[in-house]
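Below is one structure, written out as structure tokens, with a few remarks after it.
Residue numbers (the working numbering): 21 to 125.
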């Protein structure tokens, strides 16, 4: 098999994998937002927040951030953490929050 053919087959397989597994991960922030007990949580606002998350956060960041809706104490623990991984995430999360507030607020 030529190198180009191998690359094309790999691309097709990767695309199929993304199409199969992406929906399970999709809209985590939106779902968590809608299910939260916050008074400002309506479908339109939550959808907007998800669009911002899709632009700013990775899939794993979104999964982690969605957990903050269920357990706000986790957000505080992450913010106060001294681990560099948590600090890096918090920087991205803060940028997401600022963007979502400016765009959706």
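Note that the Cβ used here is the ideal one computed from N, Cα and C, for glycine as well. Computed from a predicted model, the values in this text were never measured in an experiment.
When you compare only the Cα positions, how much space is there between residue i and residue j?
{"i": "residue 67", "j": "residue 104", "result": "30 Å"}
{"i": "residue 97", "j": "residue 79", "result": "20 Å"}
{"i": "residue 86", "j": "residue 52", "result": "6 Å"}
{"i": "residue 84", "j": "residue 94", "result": "9 Å"}
{"i": "residue 115", "j": "residue 59", "result": "23 Å"}
{"i": "residue 106", "j": "residue 100", "result": "9 Å"}
{"i": "residue 46", "j": "residue 122", "result": "23 Å"}
{"i": "residue 89", "j": "residue 102", "result": "22 Å"}
{"i": "residue 56", "j": "residue 62", "result": "10 Å"}
{"i": "residue 76", "j": "residue 117", "result": "10 Å"}
How is the alpha helix (DSSP H) around residue i delimited, first residue to last?
{"i": "residue 111", "result": "104–124"}
{"i": "residue 46", "result": "Neither: residue 46 is in no alpha helix (DSSP H) and is coded neither H nor E."}
{"i": "residue 56", "result": "Where residue 56 is concerned, there is no enclosing alpha helix (DSSP H), given that its DSSP letter is neither H nor E."}
{"i": "residue 101", "result": "No alpha helix (DSSP H) holds residue 101; DSSP gives it neither H nor E."}
{"i": "residue 91", "result": "Element bounds for residue 91: n/a, residue is neither H nor E."}
Quick test of your reading: residue i and residue j, contact by CB under 8 Å. State the CB separation rounded to the nearest angstrom.
{"i": "residue 54", "j": "residue 119", "result": "In fact, because the Cβ distance is near 20 Å, the residues do not count as touching under 8 Å."}
{"i": "residue 81", "j": "residue 112", "result": "6 Å"}
{"i": "residue 69", "j": "residue 124", "result": "5 Å"}
With 16 other CB atoms within 10 Å as the buried threshold, where does residue i fall?
{"i": "residue 64", "result": "exposed"}
{"i": "residue 164", "result": "What is shown of the chain runs 21 to 125, which leaves residue 164 out entirely."}
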